[in-house]
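Notes follow once the structure below has been shown.
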Amino acid sequence: MIRTAAVAAIALFLQGAANAQMSHHHASEAACDTTELRCATKVTPAFAPDGTLWLAWMAGGRISVARSRDHGKTFSTPVAVFDQPLKLDWGPDARPSMIVDRQNRIAIAFSIFRDKNFNGEVLYTHSVDEGRSFNKPAPITPGTESQRFVQLALDGDGSVFAAWIDKRNRVRASADNQSYNGAALFFAWSKDGGGTYSETRLVKDNTCECCRIAVAFAGSGRPAVLFRNIFPGSVRDHAIVTFGDPTAPGEIHRVSHDGWKTDACPHQGPSLAISPKGTYHAVWFTSGEARRGLFHARSTDGGQTFSEPMAIGRPDRNASRPYVLANGSGATIVWKEFDGEKTTVKLIRSGDDGKSWSQPRDIAATTDASDHPLLVGNGSEVFLSWMTKADGYHITQIKDAP
Amino acid sequence: MRRLSLVAFVLVCAFLPQGLAAQDPLRAFQRGSWQAILNAHAGRPMMVNFWGVTCGPCKVELPLLGKFVTDNPGVDVVTVNADLVPNAREAALSMLRKAGLSSTENWTFSDGFVERLRYEIDPAWQGDIPRTMLIARDGKITTIEGIVELSKVREWFASQAIETSPESTLQTHD
Numbered sequence: 001m002i003r004t005a006a007v008a009a010i011a012l013f014l015q016g017a018a019n020a021q022m023s024h025h026h027a028s029e030a031a032c033d034t035t036e037l038r039c040a041t042k043v044t045p046a047f048a049p050d051g052t053l054w055l056a057w058m059a060g061g062r063i064s065v066a067r068s069r070d071h072g073k074t075f076s077t078p079v080a081v082f083d084q085p086l087k088l089d090w091g092p093d094a095r096p097s098m099i100v101d102r103q104n105r106i107a108i109a110f111s112i113f114r115d116k117n118f119n120g121e122v123l124y125t126h127s128v129d130e131g132r133s134f135n136k137p138a139p140i141t142p143g144t145e146s147q148r149f150v151q152l153a154l155d156g157d158g159s160v161f162a163a164w165i166d167k168r169n170r171v172r173a174s175a176d177n178q179s180y181n182g183a184a185l186f187f188a189w190s191k192d193g194g195g196t197y198s199e200t201r202l203v204k205d206n207t208c209e210c211c212r213i214a215v216a217f218a219g220s221g222r223p224a225v226l227f228r229n230i231f232p233g234s235v236r237d238h239a240i241v242t243f244g245d246p247t248a249p250g251e252i253h254r255v256s257h258d259g260w261k262t263d264a265c266p267h268q269g270p271s272l273a274i275s276p277k278g279t280y281h282a283v284w285f286t287s288g289e290a291r292r293g294l295f296h297a298r299s300t301d302g303g304q305t306f307s308e309p310m311a312i313g314r315p316d317r318n319a320s321r322p323y324v325l326a327n328g329s330g331a332t333i334v335w336k337e338f339d340g341e342k343t344t345v346k347l348i349r350s351g352d353d354g355k356s357w358s359q360p361r362d363i364a365a366t367t368d369a370s371d372h373p374l375l376v377g378n379g380s381e382v383f384l385s386w387m388t389k390a391d392g393y394h395i396t397q398i399k400d401a402p
Numbered sequence: 001m002r003r004l005s006l007v008a009f010v011l012v013c014a015f016l017p018q019g020l021a022a023q024d025p026l027r028a029f030q031r032g033s034w035q036a037i038l039n040a041h042a043g044r045p046m047m048v049n050f051w052g053v054t055c056g057p058c059k060v061e062l063p064l065l066g067k068f069v070t071d072n073p074g075v076d077v078v079t080v081n082a083d084l085v086p087n088a089r090e091a092a093l094s095m096l097r098k099a100g101l102s103s104t105e106n107w108t109f110s111d112g113f114v115e116r117l118r119y120e121i122d123p124a125w126q127g128d129i130p131r132t133m134l135i136a137r138d139g140k141i142t143t144i145e146g147i148v149e150l151s152k153v154r155e156w157f158a159s160q161a162i163e164t165s166p167e168s169t170l171q172t173h174d
């Protein structure tokens with residue numbers, strides 16, 4: 001009798017432990033807890049100028065890096081950029097940003113949570129031995145206030161542009177008993193492949209504090225940054241700035257009048273691409289009075305004015321996370337939709353620089369949690385990069401012409 | 001008798017988690033939970049507030065909601081922690097406690113596939129919080145993005161002609 005009771009108790013305990021394990025992974029966005037690619041929640045791709053595909057991913061509290069010389073069929077042994085676990089910023093729009101230059105120097109920047117109040121800190125690291133080792137991550141700026149959503153971009157001359165969202169001016173305003181909406185957009189440059197960064201400078205105050213930003217180059221030394229701005233009346237619509245030269249942010253232009261008046265955090269930032277002809281392509285999400293859902297607009301005057309927004313996807317299918325890429329083969333937009341059971345990545349392409357677009361088609365799907373769909377280009381080729389919990393990592397070439 | 005006792009013990013152990021779950025101050029919101037909430041409150045006007053520990057406006061709104069619940073003990077109020085950054089259970093409970101919402105019907109998203117949870121609630125919802133849904137006696141849903149104006153919520157509950165027992169009468173003062 002006692003033995004029966006003991007067996008029953010052990011069976012119940014084991015069942016409980018198994019349920020807890022299943023429940024843990026059920027509740028998590030990750031498939032597993034270790035640092036391998038299959039456990040990643042966020043994966044960032046980048047092609048090096050020599051055609052090597054590099055990935056940086058968040059898994060098991062680390063950021064790991066690996067490369068593929070066969071377009072993602074096989075990867076090198078991953079290398080963690082830091083040998084200790086980090087309290088990585090796991091907000092929906094947070095992810096490591098990475099560029100690889102002509103000398104195969106790898107620059108990476110990411111944010112961690114520096115305290116229990118989810119204030120962020122942007123750290124950077126780099127590798128000069130083709131990813132075999134990385135410098136100890138260091139703050140990109142000496143500020144102690146919250147910094148998040150860093151974005152790196154490689155200029156044609158080899159310089160690395162870094163922009164991020166920073167709350168230092170909000171803290172100062174608060175100390176002076178002044179009100180301050182959101183955060184601010186700051187930037188710095190690296191002239192040594194991401195080994196060191198210049199002094200931090202302000203682009204604009206009062207930007208959304210919880211959305212990713214997007215960077216593309218209008219020319220050498222002339223980055224353009226698309227961001228969710230806070231216009232008067234707490235309207236969180238998108239704005240863009242194009243630098244006149246590396247130290248001079250240009251005039252701020254409004255991309256659209258969506259009229260999203262909200263004091264909530266959208267957690268959904270835009271994406272930007274500039275085509276070889278110089279056409280700006282902006283995609284974003286809004287829940288404004290004028291329009292709701294995903295939209296694309298283009299600018300042919302250097303980001304000063306934009307076309308009437310074109311709706312993308314089905315709002316009743318939770319269309320989200322749009323991403324745009326423009327290269328020699330045309331312009332491509334991907335986004336996610338959810339039908340109640342599965343998430344599908346949809347795609348449209350344009351062969352005339354965004355004047356007209358193809359019908360949406362499905363290019364990938366999964367039935368559990370997934371990262372944002374991203375596009376990565378290699379000359380004239382375009383690839384979908386997408387991490388999924390159930391099916392692992394996808395890198396899929398988009399082969400057909402627009 | 002001893003055998004019966006053992007069987008009873010094993011049965012109690014087997015069903016204990018479900019029994020405890022019903023008393024959980026922060027219930028697991030999973031697939032089907034939204035419909036379960038709607039069913040449990042069917043026929044009664046209800047306010048559902050979606051919030052999160054990392055949401056700045058929620059820190060302002062939640063104590064106001066706590067006062068509303070204290071002032072209006074007869075109304076159906078439900079909170080759902082739907083933070084886009086996974087919250088530690090103790091952090092969520094602490095924030096509810098400080099806001100005076102410990103005794104409210106509180107839920108927390110407990111499925112990594114959050115798109116599916118949100119879709120069941122509102123297919124167009126992208127996850128921004130705070131967000132409040134007012135669900136009328138007839139099931140009609142009014143959605144409010146951002147911090148809710150509780151004076152309007154009071155008016156809405158009044159318009160729902162809730163039973164007017166002394167305990168459930170809506171307060172009209174602030």
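Order-wise, the sequence lines are chains B and Y.
Under full-length UniProt numbering, the very last position in the first sequence is 402; numbers go up by exactly one each time.
Under full-length UniProt numbering, the very last position in the second sequence is 174; numbers go up by exactly one each time.
By construction, the Cβ of each residue, glycine as well, lies at the ideal position given by its N, Cα and C atoms.
Since the model is a prediction, treat every value here as computed from it, not as a measurement.
With 16 as the cutoff for other CB atoms within 10 Å, does residue i come out buried or exposed?
i	result
residue 301 of chain B	exposed
residue 477 of chain B	Residue 477 of chain B cannot be examined here, being either before or after the span of chain B that is shown, 1 to 402.
residue 174 of chain B	exposed
residue 95 of chain Y	buried
residue 129 of chain B	exposed
residue 336 of chain B	buried
residue 9 of chain Y	Unreliable placement is indicated for residue 9 of chain Y, whose pLDDT of 45 sits below 50; no coordinate value is reported for it.
residue 108 of chain Y	buried
residue 65 of chain B	buried
residue 98 of chain Y	exposed
residue 90 of chain Y	exposed
Starting from residue i and walking both ways along the alpha helix (DSSP H), at which residues does that stretch end?
i	result
residue 159 of chain Y	150 to 159
residue 374 of chain B	From DSSP, residue 374 of chain B is part of no alpha helix (DSSP H) but of the beta strand (DSSP E) over 374 to 378.
residue 70 of chain Y	56 to 71
residue 173 of chain B	168 to 175
residue 147 of chain Y	No alpha helix (DSSP H) contains residue 147 of chain Y, which DSSP labels as neither H nor E.
residue 180 of chain B	Premise fails: residue 180 of chain B is in no alpha helix (DSSP H) and is neither H nor E.
residue 118 of chain Y	114 to 121
Considering only their Cβ atoms, is the gap separating residue j from residue i smaller than 7 Å?
i	j	result
residue 41 of chain B	residue 30 of chain B	yes
residue 296 of chain B	residue 274 of chain B	no
residue 53 of chain Y	residue 92 of chain Y	yes
residue 109 of chain B	residue 152 of chain B	yes
residue 203 of chain B	residue 213 of chain B	no
residue 79 of chain B	residue 131 of chain B	yes
residue 50 of chain Y	residue 116 of chain Y	no
residue 76 of chain Y	residue 41 of chain Y	yes
residue 194 of chain B	residue 126 of chain B	yes
residue 321 of chain B	residue 372 of chain B	yes
residue 51 of chain B	residue 395 of chain B	no
residue 303 of chain B	residue 230 of chain B	no
Residue i lies in the beta strand (DSSP E); which residues open and close that run?
i	result
residue 85 of chain Y	Segment: none, residue 85 of chain Y is in no beta strand (DSSP E) and carries neither H nor E.
residue 280 of chain B	280 to 287
residue 397 of chain B	392 to 397
residue 34 of chain Y	First-last for residue 34 of chain Y: 33 to 40, but that is the alpha helix (DSSP H), not the beta strand (DSSP E).
residue 347 of chain B	343 to 350
residue 66 of chain B	62 to 68
residue 323 of chain B	320 to 327
residue 385 of chain B	381 to 388
residue 227 of chain B	222 to 228
Within the 7 Å Cβ cut-off, does residue i reach chain D?
i	result
residue 121 of chain Y	Absent here is chain D; the protein component of the structure consists of chains B and Y.
Closer than 8 Å, Cβ to any Cβ of chain B: which residues of the segment 133 to 165 of chain Y, in chain order? 145, 146 and 147
Would the segment 123 to 132 of chain Y and the segment 259 to 279 of chain B be scored as touching if the rule is three or more Cβ pairs under 8 Å? yes
Closer than 7 Å, Cβ to Cβ, to anything on chain Y: give me those residues from the segment 253 to 272 of chain B, in chain order. 262, 263, 264, 265, 266, 267 and 268
What residues in the segment 312 to 334 of chain B have a beta carbon less than 8 Å from any beta carbon of chain Y? 315, 316, 317, 318 and 320
Going along the segment 338 to 364 of chain B in order, which residues come within less than 9 Å of chain Y, judged by CB to CB distance? 338, 339, 340, 341 and 343
Can we say the segment 168 to 182 of chain B touches the segment 141 to 152 of chain B, given the rule of at least three CB pairs closer than 8 Å? yes
Three or more C-beta pairs under 8 Å: does that hold for the segment 156 to 165 of chain B against the segment 207 to 222 of chain B? yes
Contact the segment 95 to 106 of chain Y vs the segment 321 to 328 of chain B: 3+ CB pairs below 8 Å: no
Meets three-Cβ-pair contact criterion under 8 Å: the segment 341 to 360 of chain B and the segment 146 to 155 of chain Y: no
What residues in the segment 54 to 86 of chain Y bring their beta carbon closer than 8 Å to a beta carbon of chain B? 54, 55, 56, 57, 84, 85 and 86
Taking a Cβ distance cut-off of 7 Å, strictly less, list which residues of the segment 360 to 392 of chain B are near chain Y, in chain order. 368, 369 and 389
The segment 91 to 102 of chain B: which residues have C-beta closer than 8 Å to a C-beta of chain Y, in chain order? 91 and 92
Anything in the segment 26 to 51 of chain B with a Cβ closer than 7 Å to a Cβ of chain Y? List those residues in chain order, please. 26, 27, 28 and 29
Short of 9 Å Cβ to Cβ, which residues in the segment 285 to 310 of chain B face chain Y? 285, 287, 292 and 293
Using a Cβ-Cβ cut-off of less than 9 Å, give me the residues of the segment 114 to 136 of chain B that come near chain Y, in sequence order. 116, 117 and 118
Output needed in chain order: residues of the segment 20 to 48 of chain Y with a Cβ under 7 Å from some Cβ in chain B. none
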